[in-house]
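Counting with the UniProt record's numbering, you get residues 1 to 183 for the letters of the sequence shown. Built from N, CA and C at the ideal position, the CB exists for glycine as well.
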Amino acid sequence: MTRIVVIDNHGQFTHLERRALRDLGVDTELVDNDTDPADIDADGIVLSGGPDMDRIGRSPDYLDLDVPVLGICLGMQILAEELDGRVGSGDYGGYADVDVEILDEDDPLIGSLAPETRVWASHADEVKEVPEGFTHTATSDVCTIEAMSDADRDLYGVQWHPEVAHTAEGEEVFENFIDICER
């Protein structure tokens, strides 16, 4: 059975990420972000959202485990920050419903949502520049970089929260990530 570990970066919806994966039939566990990477046995990792970069624990170390990674909100920002992209303050701020335009319909994580989807997202901080090797895969009127992917390294990030009911096709994002982990 596919095993996906959710790294707890202290986000208010983190438990919903684990539940969404469990409900899709995945063996999943919520793991504290200070866990030694050597103790993580998984086919994929979700870097959860959270309040800020000061509380990400060992999250950067999990990028070296050679398994697919899905970064959600702060998790996407961790990917960008650690891989030489750029993160900064968003112009919009708090949570809102947002219409997101999918820019790459061939993207393995979100391409199936094209041409657009409605999501629940926080934009207090956001990725301002994708790291080298990543493709900018989604945008909105609120945030230029709503999603990014490096399909060669199986590293993916979304600014929005696919685990909440307000996100129209969130379950499909998780299903696509499970497919990536099972390849």
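The shortest CA-to-CA distance from ILE40 to any of ASP54, ASP23, LEU24 and SER59 is the one to SER59. Between GLU182 and SER112, the C-beta gap is not smaller than 8 angstroms, which leaves the two residues out of contact. Taking one beta carbon from each stretch, the segment 161 to 172 and the segment 108 to 124 have 3 or more pairs nearer than 8 angstroms; the two touch. In the three-state scheme derived from DSSP, where H, G and I count as helix and E and B as strand, HIS136 is classed as strand. Going by DSSP, MET148 is part of the beta strand (DSSP E) stretching over 147 to 150. For ILE110, no alpha helix (DSSP H) encloses it, and the DSSP letter there is neither H nor E.
In the displayed model, SER48 falls within coil according to three-state DSSP, outside both helix and strand.
Contact between VAL69 and ASP43 is absent: CB atoms are separated by about 11 angstroms, not below the 8 angstroms threshold. In the pairwise beta carbon analysis, the segment 89 to 109 is classified as touching the segment 135 to 147: at least three pairs are separated by under 8 angstroms.
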